[in-house]
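This report refers to the structure that appears directly beneath it.
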Amino acid sequence: MKIVLLFLICLVSLSHSSRKHRRSHRYNENWDHHVKHHHRRTGAMPVPVVLWHGMGDCCCNPMSMGSMIRLLEEQIPGIHVHSLKLGENIASDTERGFFANMNEMVALACKHIKEDPNLAQGYNAMGFSQGGQFLRAVAQRCPDPPMKNLISVGGQQQGVFGMPYCPGDTFVCNSIRKLLDLGAYTSYVQDKVVQAQYWHDPYAEEEYKKKSIFLADINNEREINATYKQNLLKLKNFVLVLFKRDSMVVPKESAWFGFYKPGDEDTILQMNETRLYSEDRIGIKKLNESGRLHFLAVDGDHLQVPRAVYIDIFNKFFK
Ligand SMILES: *[C@@H]1O[C@H](CO)[C@@H](O)[C@H](O)[C@H]1NC(C)=O
Ligand SMILES: *[C@@H]1O[C@H](CO)[C@@H](O)[C@H](O)[C@H]1NC(C)=O
Ligand SMILES: *[C@@H]1O[C@H](CO)[C@@H](O)[C@H](O)[C@H]1NC(C)=O
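Spelled out as C-alpha cells, the structure:
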C-alpha cells in the first residue's frame, strides 16, 4: 500500500483548476450587508492567511494551492501565506488526506501554525473541501494564535454519506470505499481512514454520535465542550461556501451545516432545523445572530470557484 501511495502525488486537482473557469457563475450577492467592515489597515502588514488543501490535493501543487497563493499575493501585496503541509513531503501530505487520524493531523496543524512566527499576531484561514472542517477544528481547539476569519470552501461541516466521486488514485479510492463499507464506525477504520472520521450515516445516528472520533467530537454531538464553543465564537466571521451542483459532497447542504434528517435520506434538514443549531451546541447560532456567519452559494460543481468570487471574499474578509 505504501509503495502505491508514494505515486499518489496531488495531480487530481489539475482537473479542478482546468474546469474552474469554464462557465460563468452566478452567485448570491445578498450576503454583503451582513459583513462587518473592519478598518482597512494602513501601513501595517496584511493579516497572513493559512490554507488547508482538500482530499487528493497537497500543500504545494502549482495548479491548485499554488495558484491560490499567487492570487492572494497578487490581490494583497506583502501577504504571508502558509499552506499547511502535513507530511515530510508532498507525497505523504497527499496520502494523509486519505489515511490519517484527523485528531493527530489537527494537532500537527496547530503546531505548524504556532511555530510560524509570521502568524503570531493572528491569521485568517481558508479551507478547501475537507480542509474546511479541519480548519474549524483548529479554531475550536487551538485559539492561540487567534484565527480571525474562517472561509470554508465546500466543506463537509455535517459530514458526508456517500463518496460518489473521489479525487485520487483509483486503488486508493476503492480501498477507502471498501473500508467505509466494512464499517465506517469500527475503531480500526476510524483511526485510519480520514473520510470515515466525517462519515455521517443518517441511519446510524447514535452510532455516529458515539463512535465518530473526529466530526462528532468537534460538533459536540456527545457532550458540549464549552471550550469549543467559546473558541469558535472568537471568530470575526465564518464564511460557508456551498456549491449548488456539488457532485462530491453528499449532501451538498453539509457545506452550510445542513444534513439528512436522522433515519430519512430523502429529507434534508437545513442548518436551523438541526439540533446542532437549535441547541446551539457549537456556537453557530450565536455566530449567525451576531451577523458573523455568512452563506455563499456558487453555481458550480465542487471547488469550481470563479476568480472573481475569491477576489470578492478577499476584499470583504482579508483586507
Ligand atoms: C474540550 O476541548 C479542549 C480543547 O481541545 C480540550 O483540551 C478538553 O479536554 C476538552 N474537554 C472535554 C471535556 O472533552
Ligand atoms: C430557518 O430559516 C429560514 C430562513 O431564514 C426560515 O424561513 C425558517 O422559518 C427557519 N426555520 C426554523 C425552524 O427556524
Ligand atoms: C440568522 O440570523 C438572522 C438574524 O440575525 C435570522 O434572520 C436568520 O433567519 C438566521 N438564519 C438562520 C438560518 O436561522
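Mature numbering (1 follows the signal peptide of the UniProt record, and there is no 0) puts the sequence shown at residues -17 to -1, 1 to 302.
Beta carbons: idealized from backbone N, C-alpha and C, even for Gly.
Smallest Cα separation from residue i: which of the options?
i, options, result
"His285", "Asn255, Pro234, Gly274, Gly266", "Pro234"
"Val232", "Gly138, Gln287, Ser261", "Gly138"
"Arg264", "Thr250, Arg275, Asn208", "Asn208"
"Ile201", "Ala122, Leu69, Thr153, Leu225", "Ala122"
"Pro100", "Tyr148, Ile296, His65", "His65"
"Lys227", "Lys194, Asn214, Phe278", "Phe278"
"Arg79", "Gly37, Leu215, Lys97", "Gly37"
"Asp174", "Phe197, Ile296, Cys43, Ala291", "Phe197"
"Val172", "Phe82, Asp295, Ile296", "Phe82"
"Asn132", "Lys68, Gly151, Val30", "Val30"
"Leu163", "Asp184, Gly151, Asp152, Thr153", "Asp184"
"Phe144", "Thr169, Met48, Glu236", "Glu236"
"Leu67", "Ile52, Ile267, Glu56", "Ile52"
"Gln104", "Phe221, Gly110, Ile96", "Ile96"
"Lys219", "Glu204, Ile267, Lys244", "Ile267"
"Leu69", "Thr77, Ile62, His63", "Thr77"
"Ser170", "Phe154, Val155, Tyr191", "Tyr191"
"Asn298", "Ser50, Glu57, Gly49", "Glu57"
"Phe111", "Met130, Ser50, Leu102, Ser135", "Ser135"
"Glu204", "Ala108, His63, Gln113, Glu262", "Glu262"
"Gln113", "Ala167, His63, Glu256, Gln180", "Gln180"
"Ala108", "Lys94, Leu102, Met130", "Met130"
"Ile62", "Leu102, Asp282, Gly283", "Leu102"
"Met295", "Leu55, Gly49, Ser50", "Before going further, note that residue 295 is Asp rather than Met in the sequence given. Nearest of Leu55, Gly49, Ser50 to Asp295, Cα basis: Leu55."
Identify every residue that forms a DSSP beta bridge with residue i.
i, result
"Lys244", "Asp247"
"Asn44", "BP columns for Asn44 are empty, so no partner."
"Leu276", "Phe221"
"Ile134", "Met109, Val222"
"Trp239", "Looking at the DSSP assignment, Trp239 forms no beta bridge with any residue, so it has no partner."
"Val33", "His65, Ala108"
"Leu163", "Leu163 pairs with nothing; no bridge assigned."
"Val143", "Trp182"
"Phe82", "Val176"
"Leu252", "Phe242"
Assuming residue i contacts residue j under a Cβ cut-off of 8 Å, what Cβ separation, rounded to an integer in Å, is found between them?
i, j, result
"Ala238", "Gln140", "7 Å"
"Trp182", "Ala92", "Their Cβ separation, rounded to whole angstroms, is 21 Å, which puts Trp182 and Ala92 out of contact at 8 Å."
"Val224", "Tyr106", "With 8 Å as the limit, Val224 and Tyr106 do not qualify as a contact, their Cβ atoms being about 19 Å apart."
"Phe221", "Leu270", "6 Å"
"Pro245", "Glu188", "4 Å"
Taking all protein chains shown into account, decide if residue i is buried (16 or more other Cβ within 10 angstroms of its Cβ) or exposed.
i, result
"Leu186", "The sequence shown places Tyr at residue 186, not Leu. By the 10 Å Cβ count, Tyr186 comes out exposed."
"Ile(-15)", "For Ile(-15), the predicted structure reports a pLDDT of 35, less than 50, and the residue's modelled location is therefore unreliable. A value from the coordinates is still provided. Under this definition Ile(-15) is an exposed residue."
"Leu165", "exposed"
"Phe300", "buried"
"Lys161", "exposed"
"Gly142", "buried"
"residue 355", "The structure shown does not extend to residue 355, since the chain is modelled only from -17 to 302, so the question has no answer here."
"Val288", "buried"
"Asn157", "exposed"
"Lys194", "buried"
"Ser47", "buried"
"Pro60", "exposed"
"Ala280", "buried"
"Pro150", "buried"
"Thr210", "exposed"
"Met28", "exposed"
"Phe154", "exposed"
"Gly274", "exposed"
"Glu98", "exposed"
"residue 338", "The question about residue 338 has no answer, for the chain in this structure spans -17 to 302."
"Thr250", "exposed"
"His20", "Low confidence applies here, because His20 scores a pLDDT of 45, under 50, leaving its location unreliable and the question unanswered by this model."
"residue 376", "Coverage of the chain is limited to positions -17 through 302, which leaves residue 376 absent and any answer about it impossible."
Evaluate contact between the segment 112 to 125 and the segment 78 to 96, counting only Cβ atoms and requiring at least three cross-stretch pairs below 8 Å.
yes
Count the CB pairs spanning the segment 212 to 228 and the segment 124 to 131 that are closer than 8 Å, and state whether there are at least three.
yes
Using 8 Å as the threshold, is the segment 67 to 83 in touch with the segment 31 to 46, meaning 3 or more CB pairs across them?
yes
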